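Undergrad: Throughout the sequence shown, residue numbering follows our numbering, covering 1092 to 1193 in sequence. Note that beta-carbon positions come from the ideal geometry of N, C-alpha and C, so glycine has one too. Model, not experiment: these values are computed from the prediction. Pasting a structure below so you can have a look.
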Amino acid sequence: YALCTSKLKLSPKDVNVRGESIITVSPNSKKHSLNHSLMLLKESVPAVVIKGLPTISRAVIHNDDSSGKTRYKIFVEGDNMREVMATQGVLGTKTTSNNTIE
(Lines of atoms letter the chains of each structure in order from A and count residues from 1; the text may use other names and numbers.)
(Lines give C-alpha, C1' and ligand atoms only; values in the text may rest on other atoms or scores of the structure.)
Protein backbone atom coordinates (compact mmCIF):
# COMPACT_ATOMS: atom_id res chain seq x y z
CA TYR A 1 0.00 0.00 0.00
CA ALA A 2 2.77 2.46 0.91
CA LEU A 3 4.54 1.84 -2.41
CA CYS A 4 1.38 2.73 -4.35
CA THR A 5 0.69 5.90 -2.36
CA SER A 6 4.27 7.17 -2.48
CA LYS A 7 5.75 9.44 -5.14
CA LEU A 8 6.86 6.44 -7.22
CA LYS A 9 3.75 6.62 -9.43
CA LEU A 10 3.00 2.91 -9.10
CA SER A 11 -0.47 1.45 -9.43
CA PRO A 12 -1.66 -1.54 -7.36
CA LYS A 13 -1.30 -3.78 -10.44
CA ASP A 14 2.45 -2.96 -10.52
CA VAL A 15 3.02 -4.24 -6.95
CA ASN A 16 2.62 -7.92 -6.08
CA VAL A 17 3.16 -9.40 -2.60
CA ARG A 18 4.58 -12.88 -3.08
CA GLY A 19 5.35 -13.88 0.49
CA GLU A 20 6.30 -12.63 3.92
CA SER A 21 9.51 -11.03 2.70
CA ILE A 22 9.09 -10.81 -1.09
CA ILE A 23 7.45 -7.93 -2.94
CA THR A 24 7.59 -7.82 -6.74
CA VAL A 25 7.45 -4.40 -8.40
CA SER A 26 6.93 -4.23 -12.17
CA PRO A 27 8.46 -1.08 -13.65
CA ASN A 28 6.41 1.11 -15.94
CA SER A 29 8.60 1.24 -19.03
CA LYS A 30 6.21 3.30 -21.20
CA LYS A 31 7.92 6.62 -20.44
CA HIS A 32 11.51 5.39 -20.11
CA SER A 33 13.56 2.41 -21.17
CA LEU A 34 13.38 -0.69 -19.00
CA ASN A 35 16.93 -0.17 -17.73
CA HIS A 36 16.20 3.44 -16.75
CA SER A 37 12.96 2.41 -15.01
CA LEU A 38 14.78 -0.27 -13.02
CA MET A 39 17.48 2.20 -11.98
CA LEU A 40 14.82 4.68 -10.80
CA LEU A 41 13.09 1.95 -8.76
CA LYS A 42 16.39 0.77 -7.28
CA GLU A 43 17.17 4.29 -6.08
CA SER A 44 13.72 5.29 -4.88
CA VAL A 45 12.17 2.17 -3.27
CA PRO A 46 14.47 2.23 -0.19
CA ALA A 47 13.38 5.81 0.47
CA VAL A 48 9.66 4.94 0.70
CA VAL A 49 8.33 5.59 4.19
CA ILE A 50 6.29 2.72 5.58
CA LYS A 51 3.81 3.98 8.13
CA GLY A 52 1.97 2.06 10.78
CA LEU A 53 2.82 2.91 14.37
CA PRO A 54 2.31 6.56 15.27
CA THR A 55 4.82 6.47 18.15
CA ILE A 56 7.67 5.25 15.93
CA SER A 57 9.63 8.09 14.37
CA ARG A 58 12.17 6.04 12.40
CA ALA A 59 12.69 2.42 11.35
CA VAL A 60 15.68 0.78 9.66
CA ILE A 61 15.59 -2.74 8.22
CA HIS A 62 18.92 -4.58 8.46
CA ASN A 63 19.69 -7.70 6.40
CA ASP A 64 21.74 -10.05 8.62
CA ASP A 65 23.14 -13.03 6.72
CA SER A 66 26.22 -13.68 8.86
CA SER A 67 24.86 -17.05 10.03
CA GLY A 68 24.39 -18.31 6.48
CA LYS A 69 20.62 -17.86 6.63
CA THR A 70 19.07 -14.53 5.68
CA ARG A 71 17.40 -12.82 8.63
CA TYR A 72 16.02 -9.34 8.86
CA LYS A 73 16.33 -7.11 11.89
CA ILE A 74 14.33 -3.94 12.37
CA PHE A 75 15.71 -1.10 14.45
CA VAL A 76 13.12 1.46 15.56
CA GLU A 77 13.26 4.82 17.28
CA GLY A 78 10.28 5.68 19.41
CA ASP A 79 8.12 4.39 22.22
CA ASN A 80 5.50 1.69 22.81
CA MET A 81 7.47 -1.53 22.60
CA ARG A 82 4.25 -3.49 23.12
CA GLU A 83 2.96 -2.33 19.72
CA VAL A 84 6.25 -3.25 18.04
CA MET A 85 6.12 -6.73 19.60
CA ALA A 86 2.52 -7.17 18.40
CA THR A 87 3.43 -6.32 14.79
CA GLN A 88 2.91 -9.22 12.40
CA GLY A 89 6.22 -10.91 11.57
CA VAL A 90 8.07 -9.63 14.67
CA LEU A 91 9.22 -12.29 17.13
CA GLY A 92 8.18 -10.80 20.46
CA THR A 93 10.38 -13.21 22.43
CA LYS A 94 13.49 -11.91 20.66
CA THR A 95 12.61 -8.22 20.96
CA THR A 96 14.83 -6.01 23.12
CA SER A 97 14.74 -2.39 24.17
CA ASN A 98 17.22 0.04 25.66
CA ASN A 99 14.41 2.00 27.34
CA THR A 100 14.52 1.18 31.06
CA ILE A 101 10.85 2.05 31.60
CA GLU A 102 9.62 -0.39 28.95
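Would you check if the distance between the CB atom of residue 1136 and the CB atom of residue 1151 is smaller than 8 Å?
TA: No, they are not a contact pair.
Undergrad: Relative to the C-alpha of residue 1148, which residue among 1121, 1159, 1157, 1166 is closest?
TA: The shortest C-alpha separation from residue 1148 is found at 1166.
Undergrad: How big is the Cα-Cα spacing for residue 1103 and residue 1118?
TA: Whole-angstrom Cα-Cα distance: 12 Å.
Undergrad: Buried or exposed: residue 1099, going by 16 or more other Cβ atoms within 10 Å of its Cβ?
TA: The residue is buried, with at least 16 neighbouring Cβ atoms inside 10 Å.
Undergrad: Given residue 1172, which residues of its chain have a CB within under 6 Å of its CB, disregarding the five upstream and five downstream residues?
TA: Cβ neighbours of residue 1172 beyond the five flanking positions: 1188, 1193.
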